[in-house]
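Residue numbers (my numbering): 66 to 181. The structure under discussion appears below in the form of structure tokens.
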């Protein structure tokens, strides 16, 4: 299924939002969130990740959100179709995903416990 050229894949407790199929993680960062709306959370992370990494040529974002008990396990990253600075990209993404202000905004937008 697509929405505005984004692929939304649902497989039980796993939701994946990707620009291209098949999904490929050339780099990624994992983190956890409280339970909230998976698709809304994925979209918010994707938007800010895209803004943060928009100078990375050939980048196609991927966000994978999986329900794991009372938490959501998130893997964010994506596919890059050319040589790129992997460590720098992972560091930038890690900084974004650990930023308390972004995290609070994402969870609030995604319903912060109201949605599974």
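All C-beta atoms in this analysis are idealised placements derived from N, C-alpha and C, irrespective of residue type, glycine included.
Under 8 Å between the Cβ atoms of residue i and residue j?
i: residue 139; j: residue 124; result: no
i: residue 149; j: residue 121; result: yes
i: residue 131; j: residue 78; result: yes
i: residue 126; j: residue 102; result: no
i: residue 128; j: residue 160; result: no
i: residue 114; j: residue 80; result: no
If you draw a straight line from the C-alpha of residue i to the C-alpha of residue j, how long is it?
i: residue 110; j: residue 171; result: 7 Å
i: residue 86; j: residue 112; result: 19 Å
i: residue 92; j: residue 136; result: 23 Å
i: residue 147; j: residue 70; result: 22 Å
i: residue 67; j: residue 152; result: Low per-residue confidence applies at residue 67: pLDDT is 45, beneath 50, and the placement is therefore not dependable, though the value from the model is reported in the following sentence. Whole-angstrom Cα-Cα distance: 31 Å.
i: residue 97; j: residue 163; result: 10 Å
i: residue 90; j: residue 173; result: 27 Å
i: residue 94; j: residue 141; result: 5 Å
i: residue 88; j: residue 74; result: 10 Å
i: residue 167; j: residue 84; result: 22 Å
i: residue 180; j: residue 134; result: Below a pLDDT of 50, predicted positions are generally treated as unreliable, and residue 180, at 47, falls in that range; the measurement from the model is reported next regardless. One C-alpha to the other measures close to 14 Å.
How far does the beta strand (DSSP E) with residue i in it extend, from its first residue to its last?
i: residue 168; result: Premise fails: residue 168 lies in the alpha helix (DSSP H), 165-174, not in any beta strand (DSSP E).
i: residue 129; result: 124-133
i: residue 76; result: 71-76
i: residue 83; result: 79-83
i: residue 147; result: No beta strand (DSSP E) holds residue 147; DSSP gives it neither H nor E.
Measuring only between beta-carbons, confirm whether residue i sits less than 8 Å from chain B.
i: residue 177; result: In the structure shown, chain B does not exist; there is a single protein chain.
Practice prompt. Jot down the residue ranges of each uninterrupted beta strand (DSSP E) in the region 90-118, minimum 3 residues, whole runs only, in chain order.
Written response: If you keep only unbroken beta strand (DSSP E) runs of at least 3 residues inside the region 90-118, you get 92-99.
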